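Protein chains in written order, with UniProt numbering: chain A, 1 to 505; chain B, 1 to 505. Positions of the beta carbon are idealized from the N, C-alpha and C atoms, including for glycine. Quantities reported herein were computed from a predicted structural model and do not represent experimental measurements. Notes follow once the structure below has been shown.
Protein chains: 2
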Amino acid sequence: MLSRVRSAVAHLVSSGGAPPPRPTSPDLPSAPSAQSAAPPEAPRSPPARAGSGSAAPAKTVEARASFSRPTFLQLSPGGLRRADDHAGRAVQSPPDTGRRLPWSTGYAEVINAGKSRHNEDQACCEVVYVEGRRSVSGAPREPSRGQGLCFYYWGLFDGHAGGGAAEMASKLLHRHIQEQLKDLVEILQDASPPPLCLPSTPGAPGSSDSSHLVGPQSCWSSQKEVTHESLVVGAIENAFQFMDEQMAQERRGHQAEGGCCALVVVYLLGKVYVANAGDSRAIIVRNGEIIPMSQEFTPETERQRLQLLGFLKPELLGSEFTHLEFPRRIQPKELGQRMLYRDQNMTGWAYKKIELEDLRFPLVCGEGKKARVMATIGVTRGLGDHNLKVCSSTLPIKPFLSCFPEVRVYDLTQYEHCPDDVLVLGTDGLWDVTSDCEVAATVDRVLSAYEPNDPSRYTALAQALVLGARGTPRDRGWRLPNNKLGSGDDISVFVIPLGGPGSYS
Amino acid sequence: MLSRVRSAVAHLVSSGGAPPPRPTSPDLPSAPSAQSAAPPEAPRSPPARAGSGSAAPAKTVEARASFSRPTFLQLSPGGLRRADDHAGRAVQSPPDTGRRLPWSTGYAEVINAGKSRHNEDQACCEVVYVEGRRSVSGAPREPSRGQGLCFYYWGLFDGHAGGGAAEMASKLLHRHIQEQLKDLVEILQDASPPPLCLPSTPGAPGSSDSSHLVGPQSCWSSQKEVTHESLVVGAIENAFQFMDEQMAQERRGHQAEGGCCALVVVYLLGKVYVANAGDSRAIIVRNGEIIPMSQEFTPETERQRLQLLGFLKPELLGSEFTHLEFPRRIQPKELGQRMLYRDQNMTGWAYKKIELEDLRFPLVCGEGKKARVMATIGVTRGLGDHNLKVCSSTLPIKPFLSCFPEVRVYDLTQYEHCPDDVLVLGTDGLWDVTSDCEVAATVDRVLSAYEPNDPSRYTALAQALVLGARGTPRDRGWRLPNNKLGSGDDISVFVIPLGGPGSYS
């Protein structure tokens with residue numbers, strides 16, 4: 001992902017009002033050191049307590065150097081060196097001998113071909129126990145009363161401008177989700193609709209009284225139905241926000257500079273929640289059918305949101321950028337001619353007379369993998385990036401980035417899944433060179449070569465997907481069987497069985 | 001549509017910081033008078049000239065009273081009185097004896113059951129000729145050189161707070177589209193990609209030179225591909241904007257106060273463009289299959305856009321409104337408790353501690369047909385409404401409304417259409433009580449009762465759809481066969497045959 005930030009800013013902002021270029025990104029973290037040797041999180045340990053609604057509830061990562069791999073890989077120092085070798089690009093998976101990941105989840109990863117010093121992807125797979133903060137009725141919780149909740153959690157984090165943000169998110173985002181769910185432990189296990197209002201202090205009565213509402217003609221006479229599902233979605237959304245705020249607060253002390261895309265799966269009470277902020281992707285392959293479970297957030301897919309913000313808050317554009325989009329760079333000699341453009345309201349194109357302001361650099365430019373916000377970053381949602389500035393400028397880019405995920409919900413109970421039905425998560429290193437259909441074909445090919453109850457089949461599938469995107473070294477590059485270039489990016493893949501032997505247990 | 005604006009504002013804004021209510025809307029137009037007797041527009045008359053990119057290119061409507069029906073109905077004074085009768089609610093269609101609408105289009109309408117004094121829907125169906133403004137090469141146009149373009153046009157306009165805006169739009173919006181297309185006459189008929197830049201003055205060379213662009217690493221090194229189709233989309237989008245600006249400029253002189261939803265179809269060079277701003281709807285029924293050709297824009301579907309604007313520009317909310325959404329009204333005694341809420345970033349719900357600001361009225365409230373922006377209006381896109389204020393307040397609502405349509409494109413040449421394939425346009429009076437599937441069933445039932453080459457079958461279908469939504473007077477109301485209430489709103493329907501005897505000619 002690093003190249004998404006570095007890009008060729010130098011050549012781009014040098015005219016049209018912007019200052020001259022600077023060769024390197026100011027946001028790269030300091031040099032890496034040895035892997036963190038922190039033990040894996042105990043899946044059912046009681047969580048840290050924090051105030052409801054406050055911004056920094058979860059435990060912080062200890063300050064340390066920024067290179068590590070997911071603890072579930074159980075890498076020795078030698079293994080870590082091999083995982084860090086750009087020349088060999090060995091595929092990494094959890095050892096067959098150790099404890100399997102929950103649900104027999106498959107995982108594989110490979111480092112990039114040299115675009116950044118270390119693998120900037122990170123991953124997390126946990127079972128998290130949520131103990132309620134207190135009873136909904138307001139009475140202090142008795143230890144024996146009520147059951148906590150358990151959720152399964154998978155996360156992929158694709159870092160850019162350093163691995164710090166991705167690592168921090170991989171250690172803490174599920175703790176933020178856990179924190180957000182504490183208020184909901186009893187509510188989610190109660191079949192009745194959630195209370196709209198909770199008491200502020202234990203002992204105060206809950207309120208869902210509507211006797212003071214206005215008459216039936218009003219648009220405001222009824223109360224909206226809020227589902228349990230939407231509470232979980234809200235909890236995940238807020239967890240992303242709190243994670244992002246924590247990064248803002250702690251970025252200097254903990255080398256969590258840079259940013260990361262986050263793709264997260266939560267399984268809770270029969271439903272799978274897929275939350276995506278960035279350009280990773282999740283698909284379900286079910287009986288050969290592909291069900292998209294995320295969309296990518298890029299300067300192209302979010303063009304109108306970005307342009308609207310630039311239009312409403314022109315101070316965010318400085319004197320360097322225009323919120324208008326043009327199909328190519330305008331040259332000063334074209335002043336007064338008429339150029340195609342789009343503004344924040346348009347999906348089509350029209351001609352406008354070129355004025356002096358139009359010579360500024362467009363807020364959104366480029367296509368496909370080269371699309372950029374402010375000539376700098378190629379993803380528009382994610383965590384971190386609080387220090388990210390336009391190259392050689394003090395203009396912050398963060399206001400244009402959103403930390404909020406899109407959350408899609410899949411009800412596992414609505415369909416009888418077989419062991420070949422899987423949810424595949426991958427960072428863009430996979431999807432840049434592999435289509436959904438190719439993934440589905442690999443799912444079919446690999447899983448059919450294993451017994452349905454062989455728990456190693458999902459790891460084998462994850463490895464096959466990573467290998468298929470990486471390719472093999474040939475003709476001065478990593479190449480696919482069709483001789484096209486493989487992905488030179490970090491590649492990380494989870495394969496989550498939806499009807500496998502270990503699922504839901 | 002009137003009730004969408006009047007609503008029960010009185011009861012709503014009276015606490016939480018807003019001033020007391022006022023019983024009637026300040027935006028109702030003056031009393032109506034007799035129908036305009038303006039002749040139908042000549043379909044191929046040369047359009048008025050106007051400068052490119054200026055805001056008011058099209059002819060203005062003469063100042064006059066605001067009650068009229070579409071000229072193609074050819075209503076006599078007596079017929080006009082019958083069309084205006086809320087008790088009889090006679091269905092109106094163009095006479096069988098007169099000239100048929102283009103493509104043998106079917107049309108039917110009926111007045112509301114008393115919610116507003118007159119039918120506030122309007123309709124337009126035209127064939128419009130576009131003469132190029134000048135040749136793309138910059139040379140002065142010779143009369144014999146190049147061909148103009150012809151487009152077919154259908155528009156439905158659902159007015160609120162008076163019929164003035166709908167009437168103005170029905171007379172002028174196609175002229176704005178015509179104006180926007182003038183620059184494109186030669187470009188659209190040339191198979192090569194559109195020029196990205198046009199000369200400002202005749203004789204100056206066109207430019208698509210890219211020799212001065214930066215190197216291949218840049219996000220800005222290439223030029224975007226702009227399709228002919230996206231130019232037509234841009235032309236329609238800008239026409240809506242210019243129409244809206246014209247209403248702003250002329251609203252006092254021409255009684256075009258109030259506003260209207262606009263649903264417009266343009267057929268040009270083999271493609272159907274469906275542009276929708278509001279809560280009307282278009283569907284294609286093709287071989288029994290339903291293809292949605294629009295989406296509705298309401299406070300619920302546009303909640304996040306509205307909330308984002310209120311968040312970024314809090315001055316637009318005054319001291320009366322909060323951008324947060326709550327599932328029911330908060331009572332002052334609940335201060336300090338925790339209430340479910342959503343902000344502009346959230347699709348799920350979470351709890352927050354109620355603070356004083358949260359007692360303000362929510363920017364978006366209510367559900368379904370009762371959803372409102374600022375407790376006032378139930379649609380969020382359309383034309384006009386420049387004078388619309390929050391009841392008993394000076395707060396303008398227009399900043400939250402968008403005049404930009406969503407445009408969907410359907411390529412007629414990609415499928416061999418039969419005479420039973422139709423595009424159905426309807427104002428919300430139809431869709432409030434009729435599902436897409438019910439419309440498709442009526443299409444099948446009515447069309448199969450007529451010979452495929454009988455051009456009156458589409459009028460019969462439009463009438464059947466309007467009758468089916470209106471119902472019959474029974475039990476002190478208009479009721480459907482299932483005894484549910486029919487629509488008391490104005491109902492207007494176009495049925496456009498996609499493979500009928502007169503299509504495309």
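Assigned with DSSP and collapsed to three states, B/D411 falls in strand. Cβ contact annotation for B/E229 (same chain, cutoff 7 Å, sequence separation greater than five): K271, V409, in chain order.
Look at A/K369 here: in three-state DSSP terms it is helix. Residues of the segment 351-367 of chain B with a Cβ closer than 7 Å to any Cβ of chain A, in chain order: Y351, K352, K353, C365, G366, E367. B/N287 counts as exposed, since fewer than 16 other C-beta atoms from the protein chains shown sit within 10 angstroms of its C-beta.
Within chain A, no residue has its beta carbon less than 7 Å from that of B/Q295; the closest one is some 13 Å off. Listed in chain order, the positions of the segment 335-347 of chain A with a beta carbon within less than 8 Å of a beta carbon of chain B are G336, Q337, R338, M339, L340, R342, N345, M346, T347. CA-CA distance, B/W154 to B/G106, rounds to 11 Å.
Under the DSSP assignment, A/G159 falls in the beta strand (DSSP E) whose first and last residues are 149-160. At a cut-off of 9 Å between C-beta atoms, B/L423 does not count as an interface residue with respect to chain A. At least one CB of chain A lies nearer than 9 Å to the CB of B/D183. For B/P497, the beta-bridge partners assigned by DSSP are B/V422.
When DSSP states are grouped into helix, strand and coil, A/N276 belongs to the strand group. Not one beta carbon of chain A lies nearer than 9 Å to the beta carbon of B/I397.
In the DSSP assignment, B/K353 falls within the beta strand (DSSP E) that extends over 350-353. Per the C-alpha coordinates, the member of A/Q122, A/R100, A/P102 positioned closest to A/A83 is A/Q122.
One Cα belongs to B/P362, the other to B/Q344, and the distance between them is close to 12 Å. At least one beta carbon of chain B lies nearer than 9 Å to the beta carbon of A/V232. A/I284 is the residue among A/P314, A/L173, A/I284 whose C-alpha sits nearest the C-alpha of A/A440. Annotation: Cβ neighbours of B/K224 in chain A (cutoff 8 Å, chain order): P327, R328, E367. From the beta-carbon of B/V407, the residues of chain A found nearer than 8 Å are T347, G348. Secondary structure within the segment 295-320 of chain A: the alpha helix (DSSP H) runs of 4 or more consecutive residues, fully enclosed, are 303-312 (chain order).
Chain A places a beta carbon closer than 9 Å to that of B/P199, counting this residue as a contact. Taken through DSSP and simplified to helix, strand or coil, A/D385 comes out as coil.
CA-CA distance, A/L198 to A/E245, rounds to 25 Å. DSSP places B/M293 in the coil class of the three-state scheme, outside both helix and strand.
Under DSSP, B/Y341 forms a beta bridge with B/A350. Nearest CB-CB separation between A/I111 and chain B: not below the 9 Å threshold. In terms of beta-carbon proximity, A/L308 lines the interface with chain B, with at least one pair separated by less than 9 Å. Distances from the alpha-carbon of A/R476 to those of A/A469, A/G499, A/G488 put A/G488 closest. Not a single C-beta of chain B is nearer than 9 Å to the C-beta of A/A262. For the set A/G159, A/G132, A/G162, A/H160, the Cα lying nearest the Cα of A/L188 is the one of A/G132. The continuous beta strand (DSSP E) containing A/G106 extends over residues 106-110.
Chain B places no beta carbon closer than 9 Å to that of A/E245, leaving this residue out of the contacts.
By the Cβ neighbour-count rule, B/G98 is exposed, with fewer than 16 other Cβ atoms within 10 Å of its own. Between the beta-carbon of A/V433 and that of A/G368 there is about 13 Å, and that puts the pair past the 8 Å contact cut.
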